[in-house]
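Protein chains in written order, with the UniProt record's numbering: chain C, 1 to 190; chain F, 1 to 308.
Where a beta carbon is used, it is the ideal one built from N, C-alpha and C, also for glycine.
Note that the structure is predicted; figures quoted are calculated from it, not measured.
Everything on this sheet refers to the single structure shown next.
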């Protein structure tokens, strides 16, 4: 928000940053070797659905495109308790770049229809042999990543998150402000 | 590049800029008039002191706005553990709007309302009453929170305080007239000083009156702006519309005694506590429900615009 926006009482939407999504495959390899966390092959994108017919048509278009790949399982769509929509995409665990492409496609279509401002975050799931789960979450507005490791209903494994941040610091732009590490409890696919 | 569904409301922006310009002009006129009057009888330094004290007062009001408002509403800050849903909603809205998360407060009060205050987005607090938590469903509450977060992002406390600084000084002078008249009564140069004093008093009263109406007008425009920005965040105009209808409907049923006690906080609320008949449209801090709903309908029309 610039000075002029404040004075004139308006909000200039911040454009989403997307390019870093394609760094995810490299980061997945780092996590595998350094922390023993394997990709689960599940990714999800979370966005704010707008009211109205134009948006629901756009959303159908997104789902149709993702479902067009005959090898990939169907996309799951769910609405969380905060009114945000999640699209869960499943791929072969080794195909993280395919997942990144899918997540990118969702944004492109929403953006073309003028709804890019509703995108909140995307995440890619990881798990290790002992059953610890981790999501690497991407914040669209900030263009940064952060780790989210839920251990229960309302608890997160902060130590694991911090170590993952340090592992990935060289590969991805990590969110420095930990207060922005949004807790996405019950995120589908995690 | 795709077109955004944000529409610029240049009419509103123009009207608001004109009002802000007039308020600034009013401040200058007040100071110049006082200097000119003081120049006749001597004591130009006093005018500068009065001006500085007035600005200092406005500055203090702005600087400590979060603490004062929280205390006035008997609100307490709540942690994410105490109010997980409320915090979760604000977390997500802040991530969408790319703004720092404000502190969150709850006031134990049956009147359904919400307010946001604080000197900057980094020192802001968003507060809801227990009444609003009971009255609204999740989607409506989110719409109200987005409206309040927009107030924070627009720095409305700073803008409104700056806008009312002329009024604050004029009010100070009018209130201090008793003391001033007493001091002048003892001075030797009685005749000229008394005339100058009365002139200054008249100028102050006029400036105060004009400033009162202009700040109320500005406040209404800022509300419209917050509605607009808030809805662009949630992208559900209908949710804010039904929240506003519920809140203003409930307002009418609350006993008058409670409402008057809260009148001083009105400028920060989402809907004014004292509504309707006794308050004319001119002195209201908030636009009418009809105006707000009309704007929401326009935004919905833009969201409905077919793709391509």
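- Nearest CB-CB separation between residue 286(F) and chain C: not below the 9 Å threshold.
- Flagged as an interface residue toward chain C: residue 233(F), by a C-beta distance shorter than 9 Å.
- For residue 70(F), the three-state secondary structure derived from DSSP is helix.
- Going by beta carbons, residue 95(F) and residue 120(C) fall inside the 9 Å limit.
- The C-beta distance from residue 236(F) to residue 54(C) rounds to 14 Å, too long to meet the 8 Å contact threshold.
- In this structure, 295(F) is the residue among 288(F), 225(F), 295(F) with its C-alpha nearest to the C-alpha of residue 238(F).
- Taking residue 139(C) as the centre and dropping the five residues before and after it, the same chain places the C-beta of 121 closer than 6 Å to its C-beta, in chain order.
- The shortest CA-to-CA distance from residue 6(C) to any of 159(F), 293(F), 117(F) is the one to 159(F).
- The segment 23-105 of chain F is shown to contain whole alpha helix (DSSP H) runs of 4 or more residues at 44-63, 65-72, 84-97, in chain order.
- Against residue 298(F), chain C offers no close residue; the least beta-carbon distance is about 13 Å (beta-carbon pairs closer than 8 Å).
- In this structure, residue 176(C) keeps its C-beta atom at 9 Å or more from the C-beta atom of residue 17(C).
- In the structure shown, residue 148(C) adopts extended strand secondary structure according to DSSP, grouped into three states.
- No Cβ-Cβ contact shorter than 9 Å links residue 106(F) with residue 247(F).
- Between the segment 151-163 of chain C and the segment 114-129 of chain F there are fewer than three inter-stretch CB-CB distances shorter than 8 Å, so the stretches are not counted as touching.
- Using a Cβ-Cβ cut-off of 9 Å, residue 133(F) does not count as an interface residue toward chain C, since no Cβ of chain C sits closer than that to its own.
- Under the three-state reduction of DSSP, residue 18(C) is assigned to coil, being neither helix nor strand.
- Under the Cβ criterion (8 Å, minimum of three pairs), the segment 22-37 of chain F does not count as touching the segment 226-236 of chain F.
- One Cα belongs to residue 34(F), the other to residue 113(C), and the distance between them is close to 57 Å.
- When DSSP states are grouped into helix, strand and coil, residue 123(C) belongs to the strand group.
- Per DSSP, the continuous alpha helix (DSSP H) segment holding residue 165(F) begins and ends at 165-175.
- With 16 or more other CB atoms across the displayed protein chains lying within 10 angstroms of its CB, residue 91(F) is buried.
- Out of 290(F), 80(F), 103(F), 73(F), the CA that lies nearest to the CA of residue 245(F) is found in 290(F).
- Counting along the chain, residue 61(C) sits inside the alpha helix (DSSP H) bounded by residues 53-67.
- By the Cβ-count criterion, residue 33(C) is exposed, with fewer than 16 other Cβ atoms from all chains shown falling within 10 Å of its own Cβ.
- Our two residues, residue 75(F) and residue 108(F), have alpha carbons roughly 7 Å apart in a direct line.
- Taken in chain order, the complete beta strand (DSSP E) segments of 3 or more residues contained in the segment 64-107 of chain C are 76-79, 84-90.
- Taking a Cβ-Cβ threshold of 7 Å, the residues of chain F close to residue 179(C) are 101, in chain order.
- Out of 185(C), 94(C), 101(C), the CA that lies nearest to the CA of residue 135(C) is found in 185(C).
- In this structure, the straight-line span from the alpha carbon of residue 127(F) to that of residue 157(F) is close to 14 Å.
- With respect to the 9 Å criterion, residue 110(C) and residue 116(C) are classified as neighbours on the basis of their beta carbons.
- Taking 9 Å as the cut-off, the Cβ atoms of residue 16(F) and residue 221(F) count as close.
- When the beta-carbon positions are compared, residue 21(C) and residue 103(C) come within less than 9 Å of each other.
- Within chain C, no residue has its beta carbon less than 8 Å from that of residue 112(F); the closest one is some 20 Å off.
- Between the C-alpha atoms of residue 66(F) and residue 97(F) there is a straight-line separation of about 21 Å.
- Judged by DSSP in its simplified three-state form, residue 232(F) adopts helix.
- Residues of chain C whose Cβ lies closer than 7 Å to the Cβ of residue 294(F) do not exist, since the nearest Cβ in that chain is about 17 Å away.
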